[in-house]
Every structure is written in structure tokens, then in C-alpha cells.
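Right, one structure below, let's go through it.
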Ligand SMILES: [Zn+2]
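Numbering (my numbering), first residue to last: 6 to 316.
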């Protein structure tokens, strides 16, 4: 068990269920809407956290009516299948998430894992830390961007915010003053876009759209405290990391690291590579920066080698 309370109230009927280990990957927070339709947003927290929250609020795991998934990632769809088996709840996701949630092999396609070596590394990581996500999931239906999901008194407003993944969706909680930011996660690590369905430009646009909404509270999937103080500044700093990574990569190209693979082995984005599969994610992210830097005429690629045009 964690040394912090499993849940905190965000507002009446709305509770943040904190993942274990400070909600760091492969854990994530979930949101419990204790309303007419007992709803969980995401299912990545250890079920013990969810069960103890339900118990504290006078419910049983069997009472769960619905799970709404923010995107197809393993640390978010998480235990949806396990919880569904216990409660027979319905599972909803964005139409673009459906294939990746339902089928493990489609999840690998969305991630962009093609080579056997990377696949073996990924399966090794899943076996060690996320064994439950290797099965196929049942999805009962989709939500639509902008169309409120009513839980009774509480409404969840889906805000499709692609970039981290193509299906990534934030949720306004009873309006847009409090937003579940999901994997616009405001962690020190910064934005993550290591899948084939990730998109650097769309990620930046999605963060900017959240900034423009000027929410009062942002709830990250990977921070156990909601962010209120300095939220705008934190979102802006998070957005600024794209530029910083661009500049770091340009700097390293100037030093002679002239392929994505060489850059990935420094590494640039991960402070360290905790598992071999992360080299693949690091390389995918660096490649997205390279494409951006080529478009901006800062670098060119000739015969597979990166060359600096301007710093
Ligand atoms: Zn994610």
C-alpha cells in the first residue's frame, strides 16, 4: 500500500483515485465519479486503490457501472477487463481508441512495434509489470468529442487532445474549469510521443488549446496532486520542452551525432534508459523532432546523415 491516501475529493461526487508508486508508469491515476452511474475514468491504478476508494464511499467493486477510457495505452486501459469481469460494467472509449483497446496486436500496431527484437523487449516489460494488458479487451461503445457524458449530476466533457496518441482525450469535469489532463501530465519528464500514432505538432496544439481554456485545475494521470497554483505557467513550461528538445538535438548534431540512432543512445529525451525497449521509444521521439527540424530548415538529411544548416 502507498503511504498517502488512496483518494481525494476533487468536488462533490468526483474523486481522484491515486495510482500506487506516486502514479508513475505503469501505474496511473483514475477518476471515480460517485453518481447515479458509478463511473471510473481510466483503469490504470492498482485495483486495490480503486477498491479501497469504493469501500470508503460505501460501494462494492460489483457496483461499478461504467469505465471511460482516455486512450489505448496499457497504463490507462489497465485493469478495465478485470473490473469488467467483477462488475459487468460497460467500457467506453474514443472511436479512434477502440482497435487499440480491444486487440493486443492492434495495440502493438498503434505503438509501432514491428521488429521482433523490440517486440521481445516490450513483451518482457509487460510480463514483468503489466501482464494483465496482454489479453484482448471488450469495448461496449464510444463517446464523441465534445458530447457530454452524463453520470447523473456530474457531466464529463470529452476534449479530444491528440498528439501523445491519436486518440488521447482529456475530460472537462462539469464544465472546463477542472480538466483531467491525462498524459498532458505535467511531470518533470515532459511530453511523451514515442508511438507511431503520436504527433509532435498536434501535441503542441493540444497543449495550447488547454492553455487557452484557462482551467483552474489540471489533473494529471501521473501526479498524485491536482495542479491549481501556477497551472498556466506549468502548462507553458511543459509546452516549452518541445523547443528545448529541438535545441538539444541540434546541439548534438553539431557535435557529430548524425543519426537518430546515435542521438537515441545519448539519450536526449529520457534522462536514462530504464529498459531496452525505451531506446525504440527514444528513437521514435527523436525522429519526430528531426522531421520537424528538417521542415524548419534547421537541418537536412543526406545519405542518412544529419547535417546542420543553422543552430
Ligand atoms: Zn499514454
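We treat Cβ as the ideally placed atom computed from N, Cα and C, and that holds for glycine.
Contact test: residue i Cβ vs ligand 1 heavy atom, cutoff 7 Å
i	result
residue 170	yes
residue 104	no
residue 227	no
residue 188	yes
residue 20	no
residue 165	no
residue 12	no
residue 342	Any answer about residue 342 is impossible in this case: the structure gives the chain only from 6 up to 316.
residue 294	no
residue 270	no
residue 78	yes
residue 81	yes
For residue j and residue i, believed in contact at Cβ under 8 Å, the rounded distance
i	j	result
residue 171	residue 197	Wrong, their Cβ atoms sit about 14 Å apart, outside the cutoff.
residue 149	residue 163	7 Å
residue 209	residue 247	6 Å
residue 14	residue 51	Wrong, their Cβ atoms sit about 20 Å apart, outside the cutoff.
residue 178	residue 161	7 Å
residue 218	residue 254	With a Cβ gap of about 30 Å, residue 218 and residue 254 do not count as contacting.
residue 79	residue 31	7 Å
Burial state of residue i (16 or more Cβ within 10 Å)
i	result
residue 22	buried
residue 233	exposed
residue 143	exposed
residue 358	This structure cannot settle anything about residue 358, because the visible part of the chain is limited to 6 through 316.
residue 119	exposed
residue 147	exposed
residue 280	exposed
residue 231	buried
residue 65	exposed
residue 314	exposed
residue 89	buried
residue 122	exposed
residue 63	exposed
residue 266	exposed
residue 167	buried
residue 190	buried
Can you list, in chain order, the stretches of the alpha helix (DSSP H) that have 4 or more residues and sit fully within the segment 231-293?
236-259, 265-269
Threshold first: 3 residues or longer. Then list the beta strand (DSSP E) segments lying entirely within the segment 93-149, N to C.
95-98
Curious, which full-length alpha helix (DSSP H) runs of at least 4 residues does the segment 8-78 contain?
52-61
Please give me, in chain order, every unbroken run of the beta strand (DSSP E) with length at least 3 that falls completely inside the segment 147-180.
160-165, 174-178
Quick check for students: name the residue ranges of the alpha helix (DSSP H) that lie wholly in the segment 187-235, counting only runs of 4 or more.
205-218
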